[in-house]
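**Q** Got a structure for you, questions after.
Protein chains in written order, with my numbering: chain V, 29 to 489; chain Y, 21 to 321.
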């Protein structure tokens, strides 16, 4: 605007003044020429100005579309005080349909003292599985805690895990206490809904009745190295198979484990471990049938020691947009039990020495060939090894008085395919040829569903 | 015995002395934040990036190698807004490192410095992968980078106080270079305003918002839900009336769906780096935006 008035001003004055003075034609011509020159000059300037205005407007429009100042963070809304501290809740619903060629009622591992836990494929037809509810939250600046309860289809409530964990111990230490899945091996800590097959490997079922929950304390230390190197120690009441509670003060059992892990290139992560679990059993009873068909209750008292080796490889291509993955895992367990075995505790009440050395292992591979589909194969084997029963060696009883302990080699081949519509649902079909009993092969078809509700869980490697 | 004791003392002294000279260790969840920390921290930081730019950061394994890195980290730089919820909590929990727990100075979420888009008023899993705290794919708006850099510089100065002046100076230098680059990008962006596009997932929301592009449709009917044949057929007929100028595909996306659609609606697929390292040209954060705009402009012509 200022420029325009400055242009118009002199031009207007020149125009008005010129006729009034009535100067000579030469002068008029000179004036005309000057005015023309002025006009041309100012026209040029106006054009330049218009161009600049145009340019400024464009820049302003761009600036408006993309303001250079960053948007401020959202104003924080006050947390609702009544519910703000509620723990995160997640619920797992699971169930299956089972078609079994053998009667699941007489499922047992031939050659192995019954673990009394969750063994075998479960019942026939449709089964509502355990519904799991987990509550988790920080307790205070020093602890977090979690509770997982399992509701059985019969309405029983079991506490699967209930523990507090430290968050602020120095130097890479952490501790937890309460009831928790022991840190030995690979699969023991993993909850059922995150398993790659419907059921646990035979060796876990035979040696721990599925999973070993420690009622006690655990201390872990992670080395400050680029290689993952972890050491852990646990102790507790030893109340679960293969231990028992002891009729005295103090603790029962020591668990030591170490895990080492890292990467092989960009796409493979691995972890391997070695664990040692040692505990005592006092009057650990199991039911059997003697050589003439009478039901008897036998009892083991002594020490039980288990070595566990585990290794897991996971391939997830880091430089590919195809969401494929392959996971290979294997575990080996070897158990030595040494003590005395009492026969027919309610009747004959005979007792003599007992020593067994048994092992078992599994290897499984799961291939995710599509973001939502996975296919897996597992092979399981148990070796009854050597069992020396004092009562049999002394000739007091026959080996057939302990039919469950007669040597046999349970094994199983399992295949599965699962489909996960999202992170929160999974449908699975599994088919297994199970030779756990020293009888005909049990052909098992299991169709399973798993649904996860509520808080988004994070999964371990 | 004496020699052994002296040796032990020396070893202890060495271990104690080391941290004073060593650069602070930073674990960044993505290549973008790794690049940002390098810009701001220079040789005073030692950065490890947890994921590759071709991975889906939402679905990553809590690998032992990452737990080991979390154990020794002085600072975690995560996106936040629940992007890393499937694996970062495990790293923090297993690390035994109290310095990097949420709430501690060694835990930094980029999202905490930003105003997020797409904050849902109601959330339900039937809506797909909805993020209750807002869209966490924040890196493709340069204004977010500027704001995050400001907060991150302050955090670096806080956890490594002896070098505070260094971080301040580097931060100011980065902001100056970034503002300059943003002016350049804003001029380039003018041609992209109102250009109609189709996206795959909701993760280009910030880019589209910044450039003022027009999102016609997403190939995923709901976030994280793969499209069905019926949905795609509907999409083709819908886009027949209002054809997009281009289909945006991130480097980490599977090309199948976008290629299929491109053939039917006769629009080119534009491959975008999405993160630092997503394309060979996107070497750092500057390269990320230079390459993104170059590819968009080439397709918009």
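Yeah, the Cβ is synthetic: ideal placement off N, Cα and C, and Gly gets one too. Computed from a prediction, not measured in an experiment: that's the story for all the values here.
1) Give, in chain order, every residue of the region 331-360 of chain V whose Cβ lies closer than 8 Å to some Cβ of chain Y.
2) What would DSSP say about residue 147/Y, mapped onto helix, strand or coil?
3) For residue 3/V and residue 342/V, what's the separation of their Cα atoms in angstroms?
4) Residue 310/Y touches chain V at which residues, Cβ-Cβ below 8 Å?
5) Could you name the residues of chain V that residue 244/Y contacts, counting a contact when the two beta carbons are closer than 9 Å?
6) Check each candidate in 471/V, 160/V, 165/V and 203/V and name the one with the smallest Cα separation from residue 221/V.
7) Could you give the residue range of the alpha helix (DSSP H) that holds residue 59/Y?
8) State yes or no: is the beta carbon of residue 107/Y nearer than 9 Å to at least one beta carbon in chain V?
9) Quick check on DSSP: helix, strand or coil for residue 263/V?
10) So if I threshold CB-CB distances at 9 Å, which residues from the region 297-325 of chain V count as touching chain Y?
11) Give, in chain order, every residue of the region 286-317 of chain Y whose Cβ lies closer than 9 Å to some Cβ of chain V.
12) Closest to residue 98/Y by CA distance: which of 116/Y, 121/Y, 85/Y and 117/Y is it?
13) Could you tell me the distance, in whole angstroms, from the CA atom of residue 179/V to the CA atom of residue 246/Y?
14) Just grab the DSSP bridge partners of residue 326/V for me.
15) Within 9 Å of any Cβ in chain Y, is that where the Cβ of residue 446/V sits?
16) Let me confirm a value: residue 283/Y is counted as buried when at least 16 other C-beta atoms fall within 10 Å, else exposed. Which label applies?
17) Could you tell me whether the region 441-455 of chain V touches the region 391-401 of chain V, where touching means 3 or more Cβ pairs closer than 8 Å?
18) Looking at chain Y, which residues of the region 202-223 of chain V have a Cβ within less than 9 Å of any of its Cβ atoms?
19) How about residue 104/Y and residue 80/Y: are their beta carbons less than 9 Å apart?
20) Any idea if residue 308/V is buried or exposed, counting beta-carbon neighbours within 10 angstroms, 16 or more meaning buried?
21) Beta carbons nearer than 8 Å to chain V: which residues of the region 173-188 of chain Y have them?
22) To the nearest angstrom, how far is it from the Cα of residue 157/Y to the Cα of residue 464/V?
23) What in chain Y is Cβ-close to residue 198/V, meaning under 8 Å?
24) Hey, would you say residue 302/Y sits closer than 9 Å to residue 293/Y, going by beta carbons?
25) Taking the continuous beta strand (DSSP E) assigned at residue 389/V, which residues delimit it?
26) Is the Cβ of residue 127/Y closer than 9 Å to any Cβ of chain V?
27) Let me make sure I understand the geometry here. Which of 160/Y, 196/Y, 75/Y and 220/Y has the alpha-carbon closest to that of residue 307/Y?
28) With 16 as the cutoff for other CB atoms within 10 Å, does residue 158/V come out buried or exposed?
29) Beta carbons nearer than 9 Å to chain Y: which residues of the region 244-258 of chain V have them?
30) Under a three-way DSSP split, which group does residue 152/V fall into?
31) In chain V, what lies closer than 7 Å to residue 74/Y by C-beta?
32) Bridge partners for residue 137/V per DSSP, in chain order?
33) Does chain V have any CB closer than 9 Å to the CB of residue 141/Y?
34) Quick check on the burial criterion: 16 or more other C-beta atoms within 10 angstroms. Buried or exposed for residue 110/V?
35) Once you ignore the five residues that flank residue 271/Y on each side, which residues in its own chain have a CB closer than 8 Å to its CB?
36) Listing by chain order, which chain V residues have their CB less than 7 Å from the CB of residue 272/Y?
**A** Here's the rundown:
1) Of all residues in the region 331-360 of chain V, 342, 344, 346, 347, 348, 349, 350 and 351 have a Cβ within less than 8 Å of some Cβ in chain Y.
2) By one-based count along the second chain, residue 147/Y stands at place 127. If DSSP states are grouped into helix, strand and coil, residue 147/Y belongs with the helices.
3) Past the boundaries of the shown model lies residue 3/V; chain V is included only from 29 to 489, so the question cannot be answered.
4) For the purposes of this step, residue 310/Y is identified with residue 290 of the second chain, where counting begins at 1. Within 8 Å Cβ-Cβ: nothing; residue 310/Y doesn't reach chain V, min ~16 Å.
5) Position 224 of the second chain, counting from 1, holds the residue named residue 244/Y. Per Cβ cutoff of 9 Å: 450 and 451.
6) Taking the first chain and counting its residues from 1, one reaches residue 221/V at position 193. It is 160/V whose Cα lies nearest to the Cα of residue 221/V.
7) The sequence position of residue 59/Y within the second chain is 39, counting from 1. 51-61 is the span of the alpha helix (DSSP H), which, as asked, contains residue 59/Y.
8) On the second chain, residue 107/Y is found 87 positions in, with the first residue counted as 1. Between residue 107/Y and chain V, the shortest Cβ-Cβ separation is below 9 Å.
9) As a first step, residue 263/V must be located in the first chain, where it is residue number 235. In this structure, DSSP gives residue 263/V an extended state, which the three-state scheme calls strand.
10) If the cut-off is 9 Å between Cβ atoms, the region 297-325 of chain V has 297, 298 and 299 near chain Y.
11) Identification of residues in the region 286-317 of chain Y having a C-beta nearer than 9 Å to some C-beta of chain V yields an empty set.
12) Taking the first residue of the second chain as 1, we reach residue 98/Y at position 78. Considering only alpha carbons, the answer is 121/Y.
13) Position 151 of the first chain, counted from the start, is the residue given in the question as residue 179/V. Position 226 of the second chain, counted from the start, is the residue given in the question as residue 246/Y. Roughly 34 Å separates the two Cα atoms.
14) As a first step, residue 326/V is located in the first chain; it is residue number 298 there, counting from the start. In the DSSP assignment, residue 326/V forms a beta bridge with 314/V.
15) Counted from its first residue, the first chain places residue 446/V at position 418. With 9 Å as the cut-off, residue 446/V does not count as an interface residue toward chain Y.
16) Along the second chain, one-based indexing puts residue 283/Y at 263. Result: exposed.
17) In this structure the region 441-455 of chain V lies against the region 391-401 of chain V, because at least three pairs of beta carbons, one per stretch, are closer than 8 Å.
18) Under the 9 Å Cβ criterion, the region 202-223 of chain V contributes 202.
19) Translated into positions along the second chain, residue 104/Y becomes position 84. Translated into positions along the second chain, residue 80/Y becomes position 60. Contact flag set, yes.
20) Your numbering for residue 308/V matches position 280 in the first chain. Label assigned to residue 308/V: buried.
21) Listed in sequence order: no entries.
22) Translated into positions along the second chain, residue 157/Y becomes position 137. Translated into positions along the first chain, residue 464/V becomes position 436. The alpha-carbon separation between residue 157/Y and residue 464/V amounts to approximately 51 Å.
23) Here the question's residue 198/V lines up with position 170 in the first chain. Within chain Y, the residues near residue 198/V are 118.
24) Walking along the second chain from the start, residue 302/Y turns up at place 282. Walking along the second chain from the start, residue 293/Y turns up at place 273. Contact flag set, yes.
25) Walking along the first chain from the start, residue 389/V turns up at place 361. Run containing residue 389/V: 378-398, per the beta strand (DSSP E) assignment.
26) In the second chain, counting from the first residue as 1, residue 127/Y sits at position 107. Not closer than 9 Å to any Cβ of chain V, the Cβ of residue 127/Y fails to qualify, so no.
27) Counting from one through the second chain, the residue named residue 307/Y turns up at place 287. The shortest C-alpha separation from residue 307/Y is found at 160/Y.
28) Sequence index remark: in the first chain, residue 158/V carries index 130 (1-based). Label assigned to residue 158/V: buried.
29) Listed by position along the chain: 248, 249, 250, 251, 252, 253, 254, 255, 256, 257 and 258.
30) Numbered from its first residue, the first chain carries residue 152/V at position 124. Coil at residue 152/V, not helix or strand.
31) The residue given as residue 74/Y occupies position 54 in the second chain. Simply 346, 347, 348 and 349.
32) For this step, residue 137/V is matched to residue 109 along the first chain. Residue 137/V is not bridged to any residue.
33) Numbered from 1 along the second chain, position 121 holds the residue referred to as residue 141/Y. Cβ-Cβ to chain V under 9 Å: no for residue 141/Y.
34) Taking the first residue of the first chain as position 1, residue 110/V is located at position 82. Residue 110/V should be labelled exposed.
35) Taking the first residue of the second chain as position 1, residue 271/Y is located at position 251. The residues are 73, 74, 291, 292, 293, 294, 295, 298 and 299.
36) The residue given as residue 272/Y occupies position 252 in the second chain. Simply 349.
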